[in-house]
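Undergrad:
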Amino acid sequence: MILILFVSIVLVAALVSSFSKNDSRMATYITLLSSIITLGLSVHIALDIVFSSSHTIVAIADWVALNALGALILLLVSFVYFTASIFSIGYMRFEKPGSFRTYYINFNLFVFSMLIIPLIQEPNSVWIAVELTTLFSVLLVGFENTSAAIEAAWKYIVLTIMGAAIALLGFLILYWAARQVGIEHYTWDSLLIAAPYMSPVLLKASFVFILVGFGAKVGLVPLHTWLPDAHSQAPSPVCALLSGVETTAILYVILRLLPIVAAASAVDVNTWLIVVGLISVGSAAFLLLQVKDFKRLFAFSTVEHMGIILVAFGLGGNLAHIAAILQIIGHAITKSFAFYAAGGVLLLMGTREISKVRGLIRKSPVSAIALLLGGLAIAGAPPFALFLSEFSIIKAGLFKGEYITVGLLVIFIAIAFFAIMNHVSRMVFGRDDAKSSIDNKSYSLPISSKITFAIAFIPIIAFGLYIPEVLYKLTILAAATVGGW
Amino acid sequence: MSKYILFNILQVLVVMLFSPLAMGVLNRLKEIVQSKKGPSILQPYFDLLKLFQKDEVIPEESTWIFRVTPYIVFMAPIFVTLLIPVLTSYPLFWAFMSDMVGAGFVLALGGFFAVLAAIDTSNPYGAIGASRTRMVSFLAEPVFLIVFFTVSFVAGSTIPYIVQQKWVTPVSNFFEPSHILLLFAFVMLILAEKGRIPVDNPSGHFELAMIEESKDLEYSGVGAALMKWGGWMKFFVLMIIFSNVLFSPWGLASALGWGAILLAIPLVLIKVFIFILFLVVIESSLAKLRLFRISEFLSAAFVIAVIAMLASIFE
Amino acid sequence: MQVLQSTTPLITNLNALAGGLFIISAFGIVATRQIRASLNFFIIQSLLLASSAFLLGIEPFSLDLFAVGGINIITKVWFMPMLLKRMVKEEIYTRREVTQVFNIPTSLILALILTILAYFISLPWIQTQRVLSIIHVNVPVGLAGLFLGAYTLVARREAVPQLLGLLAMENGAFFAGVAIAPDLPLIAELALAFDILMLTFVIGILTRTVNEHIGTTSVGTLSELKEGVKK
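Rendered as structure tokens:
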């Protein structure tokens with residue numbers, strides 16, 4: 000029952016926001032409240048799963064249930080929801096006063112749609128939930144209502160719905176394969192049990208379609224082209240949600256499918272994952288070199304990290320899977336922090352172009368340090384969380400003997416590191432020349448942003464040094480659900 | 000044995016005699032649809048009679064091609080008539096002389112000589128019309144081929160008589176996707192080959208825009224009569240192929256007696272009339288396409304034909 | 000579930016006919032210039048999808064499939080065009096897309112190649128079991144519909160045909176689904192129908208906004224956000 004309670008909190012927040020007026024702050028505070036409650040509940044649920052014997056929670060049999068990986072996703076979504084709500088307080092006040100109602104309704108509904116994805120056990124309904132995430136976030140992406148924002152929103156919806164239609168066929172083929180074997184109740188778990196008996200041709204076909212289709216939402220090349228546009232135009236808290244957790248939630252769906260298809264042919268699956276992952280990391284690394292807009296910078300970094308995660312899963316073996324899950328956790332928290340920092344810079348400087356922002360450290364130390372730390376963290380420097388997970392992935396790869404893959408991965412990560420640090424350090428430390436004197440909005444950041452920086456930063460550094468016992472157990476459980484093949 | 004030969008000759012006579020009537024009915028109907036009175040349906044006969052009695056005037060620069068062409072254009076559809084089922088559903092004497100692909104080539108022969116003759120006249124309008132006709136035929140070739148191939152593939156033979164049986168028994172075969180799609184493609188083909196709207200305007204007098212009509216421009220007297228009559232027969236033959244082989248292979252005589260044959264004549268005419276009605280509807284509701292849009296029209300026909308082929312291969 | 004059920008040959012042929020016409024209407028969506036014509040072809044395509052569902056539901060009798068067909072007709076044939084016409088100005092429908100990425104015959108040939116590709120890709124799937132011949136028809140046609148819809152998205156620059164391309168892709172996936180997943184829970188069908196309506200709604204809003212801001216709905220030519228383009 001707790002699961003139902005869990006999602007209804009967010010729904011209630013959306014409902015209440017719809018009743019608030021456009022310029023009242025009620026919606027803001029209600030959302031904040033709901034995010035705190037949601038976070039608390041998700042921690043409780045995670046603890047439940049870790050310490051229970053079956054490591055699952057069932058609300059409605061065959062329809063609503065949760066396993067370890069799902070609990071992890073819920074935790075991540077709630078956390079970013081929380082930090083994004085805090086950040087929205089200040090951000091919305093400066094960016095667009097007078098449209099709170101639309102923003103918060105969509106905001107809450109968007110989070111709701113992401114939260115239900117891990118809860119649903121019937122694959123076809125999961126597809127519907129994924130469609131819902133797109134529908135609720137489109138208006139958020141186009142929120143600024145400039146022509147660039149509308150273009151970004153258009154590309155977003157067209158590419159993701161195209162991917163969803165491709166994935167729909169994949170799900171239908173999966174259902175077909177299941178019907179051939181005679182499954183009674185169609186859930187992820189029963190698919191897992193029946194997997195060895197299902198036709199490998201159909202399983203592989205469905206996997207390819209779902210990977211390509213949902214890969215559009217996750218940000219895998221070649222359907223990733225909406226990502227940079229959407230991220231450069233959407234408000235920063237929305238970017239944090241989109242990049243940090245929406246990609247992760249959709250990745251969850253692919254991960255649920257992985258062990259089922261691996262039963263048909265593990266080798267093929269690994270190969271595809273590694274190939275698609277490497278292509279994404281490589282393209283992102285090279286695109287990062289010539290990016291001109293710092294929010295696009297972080298967007299390409301999302302593509303890169305999703306590629307790394309996919310490669311990690313493709314390497315196979317328990318070690319690599321645990322490292323991949325750690326990467327998922329690290330990416331969610333780090334990427335959201337990075338976008339908050341970028342949002343801060345946007346508020347201060349009023350421009351998105353890298354070339355126009357110089358010498359940030361002299362203008363506003365807080366935002367400069369945040370940006371610097373965000374850049375370092377997302378590029379994978381020690382002692383932050385992502386360094387630990389990337390290192391583990393490389394170690395696992397070497398252990399498995401996949402030298403070429405690991406070598407390529409290291410090269411691409413290094414290129415990306417160089418690119419990100421190049422741009423970020425120029426923005427933070429660069430000399431103040433005539434091009435960059437556009438600080439017409441020379442106020443300091445709102446308090447809420449600074450609070451957000453602080454709160455969001457804690458896990459990044461904490462998990463880089465020491466992962467709490469409980470979280471580590473959850474990670475191991477989550478990796479186990481993907482299967483140790 | 001002799002009956003087979005006789006019936007075959009009767010087929011040819013039917014085509015020769017009734018093709019002008021078909022044209023007359025078509026023209027009259029078109030005028031009626033436009034709320035005009037229209038010429039008499041026997042008008043083409045009167046035209047032919049008039050032309051046969053007139054003198055011929057021939058351009059000085061023309062060669063033997065110009066003189067031979069009317070006869071070739073007149074004979075080509077007659078040869079094709081020997082091969083296709085017009086009145087009977089069982090093969091007649093000369094039926095195995097050639098198959099559908101051969102029939103297509105013979106018809107094309109007539110068209111080829113007509114084009115040569117149009118250039119031969121050294122009249123610039125003739126050359127313009129000739130090049131346009133070639134363009135349309137060239138674009139229509141792939142459609143023809145695919146249609147024929149699909150039909151033969153499905154029916155297992157290229158002889159029209161055998162093909163016709165395939166679509167009749169059992170009735171559900173009529174609705175096979177390859178069949179219906181082929182009907183569409185073939186109708187579009189007829190429209191293109193015979194220069195009806197939307198490909199060309201058959202009642203236009205503007206030489207710069209003519210496609211089909213330009214080949215009769217320079218002829219007079221007997222030559223003009225033969226060219227016109229040959230054109231009408233080709234049209235009638237195409238309609239017969241459509242109606243009897245592809246569309247509704249019913250109503251044909253299946254017995255060997257005179258009664259059955261004579262009964263078949265009006266039935267065939269009724270089928271041709273239905274097709275004419277359909278054609279009148281199309282002609283009155285569409286506009287003529289611009290020249291380079293004809294390629295779009297024909298590529299649509301091509302695509303439909305290929306899908307028909309795919310549907311039949313992957314049955 | 001490997002029972003070799005049989006439907007009458009007449010139904011099989013009619014269903015195959017619906018499949019052939021389905022592909023042709025997908026071609027129509029790609030290749031017609033005027034936006035209203037594209038919309039009409041889409042309506043025809045949805046009608047064919049519904050008729051396939053009806054035909055397959057006749058024998059063995061399945062009320063689910065009839066419901067699927069009915070839902071399809073209500074949403075895609077009646078409601079969605081009405082919604083679209085309300086949200087997007089009438090004037091947009093009369094626009095012709097004069098500049099296309101490829102000219103029409105090339106577009107048609109490319110679409111044909113995609114159809115043949117779809118047939119080849121789905122061949123190993125059909126051979127996985129002793130299947131009903133309706134699956135032989137529906138799965139390749141559905142996959143071809145998917146590819147053709149994606150091609151429409153690529154080849155057309157106007158907003159409404161892009162929306163129609165998206166919906167045509169879903170039509171294609173459904174066409175295959177009607178044969179391979181005939182007993183999909185009805186709730187899923189209803190949710191899908193609702194989802195399509197929401198999609199139309201959202202895209203309608205976007206189209207209207209695009210029109211207000213930019214003056215045309217030629218979304219394929221928007222290029223402010225490309226790399227290397229100086230703002």
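Residue numbers (numbering that gives the first Met the number 0), protein chains in the order written: chain A, 0 to 484; chain B, 0 to 314; chain C, 0 to 230. From the three backbone atoms N, C-alpha and C, an ideal C-beta is built for every residue, glycine too. Please read all numbers here as calculations on a predicted model, not as lab measurements.
#1: Short of 7 Å Cβ to Cβ, which residues in the segment 105–127 of chain C face chain A?
#2: Which residues bound the alpha helix (DSSP H) around Leu241 of chain A?
#3: Alpha carbon to alpha carbon, how far is Phe173 of chain C from Leu32 of chain A? Give it in angstroms, no decimals.
#4: With a threshold of 8 Å on Cβ separation, who are the neighbours of Leu486 of chain A within its own chain once the five nearest residues in sequence on each side are excluded?
#5: Quick check on DSSP: helix, strand or coil for Ile119 of chain A?
#6: Is any beta-carbon of chain C found at less than 7 Å from that of Glu143 of chain A?
#7: Run through the segment 158–214 of chain C for me and flag every whole alpha helix (DSSP H) of 4 or more residues, listed as ranges in chain order.
#8: Under 8 Å between beta-carbons, which chain B residues line up against Gly148 of chain C? List them in chain order, please.
#9: Between Gly19 of chain C and chain B, is any beta-carbon pair separated by less than 7 Å?
#10: According to a CB-to-CB cut-off of less than 9 Å, which residues of the segment 170–191 of chain B neighbour chain C?
#11: Evaluate contact between the segment 372–391 of chain A and the segment 420–431 of chain A, counting only Cβ atoms and requiring at least three cross-stretch pairs below 8 Å.
#12: Would you call the segment 141–152 of chain C in contact with the segment 137–151 of chain A, where contact means no fewer than 3 C-beta pairs closer than 8 Å?
#13: Could you list the residues in the segment 49–70 of chain A with a C-beta less than 8 Å from some C-beta on chain C, going in chain order?
#14: Shortest alpha-carbon distance to Ile28 of chain C belongs to which of C:Glu188, C:Ala154 and C:Ala180?
#15: By alpha-carbon positions, which one of C:Met81, C:Ile115 and C:Ala187 ends up nearest to Thr199 of chain C?
#16: In terms of residues, what are the limits of the alpha helix (DSSP H) holding Val63 of chain A?
#17: Quick check: the segment 272–292 of chain B against the segment 110–119 of chain B, are at least 3 beta-carbon pairs closer than 8 Å?
#18: Can you find a CB in chain B that lies within less than 7 Å of the CB of Ile103 of chain C?
#19: Could you check if Pro195 of chain A is buried or exposed, using at least 16 other CB atoms within 10 Å of its CB as the buried criterion?
#20: What are the residues of the segment 195–207 of chain B that lie near chain C, defined by any Cβ-Cβ distance shorter than 9 Å?
#21: If we ignore side chains and look at the alpha-carbon of each, how far apart do Pro116 of chain B and Tyr218 of chain B end up?
#22: With Leu38 of chain A and Phe78 of chain A assumed to form a contact (beta carbons below 8 Å), what rounded beta-carbon distance in angstroms separates them?
#23: Using a Cβ cut-off of 7 Å, pull out every chain C residue sitting near Glu295 of chain B, in sequence order please.
#24: Comparing C-alpha positions only, which one of A:Leu222, A:Ala166 and A:Gly181 sits nearest to Leu256 of chain A?
#25: Answer with buried or exposed for Tyr465 of chain A, where buried requires no fewer than 16 other C-beta atoms within 10 angstroms of its C-beta.
#26: With 16 as the cutoff for other CB atoms within 10 Å, does Trp124 of chain C come out buried or exposed?
#27: Is the beta carbon of Ile459 of chain A closer than 7 Å to that of Phe383 of chain A?
#28: For Ile22 of chain C, would you say it is in contact with chain B, using Cβ-to-Cβ distances shorter than 7 Å as the test?
#29: Between the beta-carbon of Ile275 of chain B and the beta-carbon of Val24 of chain B, is there less than 7 Å?
#30: Can you pull out the residues from the segment 20–47 of chain C whose beta carbon lies closer than 7 Å to at least one beta carbon of chain B?
#31: Looking at the unbroken beta strand (DSSP E) that takes in Ile56 of chain A, where does it start and where does it end?
#32: Let me know the secondary structure DSSP gives Ala380 of chain A once reduced to three states.
#33: At a CB-CB cut-off below 7 Å, which residues of chain B make contact with Leu13 of chain C?
#34: May I ask you to report which of helix, strand or coil DSSP gives Thr31 of chain C?
#35: Is any beta-carbon of chain C found at less than 7 Å from that of Asn439 of chain A?
#36: Three or more C-beta pairs closer than 8 Å, one from the segment 256–264 of chain B and one from the segment 86–102 of chain B: is that the case here?
TA: This is what the structure gives:
#1: Residues Pro123, Trp124 and Thr127.
#2: Counted as a single uninterrupted DSSP element, the stretch harbouring Leu241 of chain A is not any alpha helix (DSSP H), since DSSP gives it neither H nor E.
#3: Approximately 42 Å between the Cα atoms of the pair.
#4: Absent from the structure is residue 486 of chain A, since the part of chain A shown begins at 0 and ends at 484.
#5: Correct three-state label for Ile119 of chain A: strand.
#6: No - not a single Cβ of chain C is within 7 Å of the one on Glu143 of chain A.
#7: Correct list: 158–179 and 185–213.
#8: None at all; the shortest Cβ gap to chain B is about 16 Å.
#9: Chain B has a Cβ within less than 7 Å of the Cβ of Gly19 of chain C.
#10: Of all residues in the segment 170–191 of chain B, Val170, Ser171, Asn172, Phe173, Phe174, Glu175, Pro176, Ser177, His178, Ile179, Leu180 and Phe183 have a Cβ within less than 9 Å of some Cβ in chain C.
#11: Counting C-beta pairs closer than 8 Å gives three or more between the segment 372–391 of chain A and the segment 420–431 of chain A, which meets the contact rule.
#12: No, they do not touch.
#13: Residues: none.
#14: Considering only alpha carbons, the answer is C:Ala154.
#15: Ranking C:Met81, C:Ile115 and C:Ala187 by Cα distance to Thr199 of chain C puts C:Met81 first.
#16: No alpha helix (DSSP H) contains Val63 of chain A, which is instead part of the beta strand (DSSP E) from Val63 to Leu65.
#17: They do not touch, by the three-pair rule.
#18: True, the Cβ-Cβ gap to chain B drops below 7 Å.
#19: Within a 10 Å sphere around the beta-carbon of Pro195 of chain A sit fewer than 16 other beta-carbons, which makes this residue exposed.
#20: Taking 9 Å as the Cβ-Cβ cut-off against chain C, none of the residues of the segment 195–207 of chain B qualify.
#21: In the sequence as displayed, the identity of residue 116 of chain B is Ala instead of Pro. The C-alpha of Ala116 of chain B lies about 10 Å from the C-alpha of Tyr218 of chain B.
#22: Between Leu38 of chain A and Phe78 of chain A the beta-carbon gap is near 6 Å, inside 8 Å, which marks them as a contact.
#23: When 7 Å is used as the limit between beta carbons, Glu295 of chain B is near these residues of chain C: Ile103 and Pro104, in chain order.
#24: Its Cα nearest to that of Leu256 of chain A, the residue A:Ala166 stands out among A:Leu222, A:Ala166 and A:Gly181.
#25: Exposed, since its Cβ has fewer than 16 Cβ neighbours within 10 Å.
#26: Answer is buried; the Cβ neighbour count reaches 16.
#27: In contact: Phe383 of chain A and Ile459 of chain A (Cβ atoms closer than 7 Å).
#28: For Ile22 of chain C, the nearest beta carbon of chain B is closer than 7 Å to its own beta carbon.
#29: Cβ distance < 7 Å, so Ile275 of chain B and Val24 of chain B count as in contact.
#30: Flagged, chain order: Ile22, Ile23 and Phe26.
#31: Ile56 to Ile59 is the extent of the beta strand (DSSP E) around Ile56 of chain A.
#32: Coil.
#33: Those within 7 Å of Leu13 of chain C in chain B are Phe174.
#34: For Thr31 of chain C, the secondary structure class from DSSP, reduced to helix, strand or coil, is coil.
#35: Unreliable positioning characterises Asn439 of chain A in this predicted model, as indicated by a pLDDT of 49, which lies under 50. The coordinate reading is nonetheless provided below. Not an interface residue.
#36: Judged by Cβ distances under 8 Å, the segment 256–264 of chain B makes contact with the segment 86–102 of chain B, as three or more pairs qualify.
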